[in-house]
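full-length UniProt numbering numbers the first residue of the sequence shown as 1 and each following residue consecutively.
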Amino acid sequence: MNLIQYMHDKYYYEEAEMALIDTDVRRTFATGIAGFSHVIDSLSAIKYAKVKVVRDETGLATGYEVEGDFPKYGNDDDRADEIGVWLLRTFLEMIKKRHTYRNSEATTSILTITSNV
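Below, the structure written as structure tokens:
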């Protein structure tokens, strides 16, 4: 992630815009979680249902079987939402412990993209 921020600076990504700012710059280090909803659904299935991994003859996981129901992300179920809050807080706290480019402030946002479906 630090490399991405460095390359933005190196190749004039925001240089023109930064020239117009007449105050101290608040630098942020934006991060996100790809597959956020899938992680929540997986953790929810493990917590609230019985999940069995299906493996091939070499031991490679090829699928899974679920017995029982579990709350899924995006369905206004507090149980799934609580897992999401925990996941995001844990992720952000881990990022905050790392060095960031130009000592920027670690931030995150979650944007579930469905417009491309």
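Every residue gets a Cβ at the ideal spot worked out from N, C-alpha and C, and that includes glycine.
K97 carries a coil assignment under DSSP once its states are collapsed to helix, strand and coil. In the displayed model, Y6 falls within a helix according to three-state DSSP. DSSP places E57 in the coil class of the three-state scheme, outside both helix and strand. Counting every other CB atom within 10 Å of its CB across the protein chains shown gives Y73 a total of 16 or more, marking it as buried.
In this model, I33 and L88 are separated by some 8 Å (Cα to Cα).
Distance between A16 and S104, taken at the CA atoms: about 19 Å. A Cβ-Cβ contact shorter than 8 Å links A49 with D69.
Under DSSP, Y64 takes part in a beta bridge, and its partners are V53.
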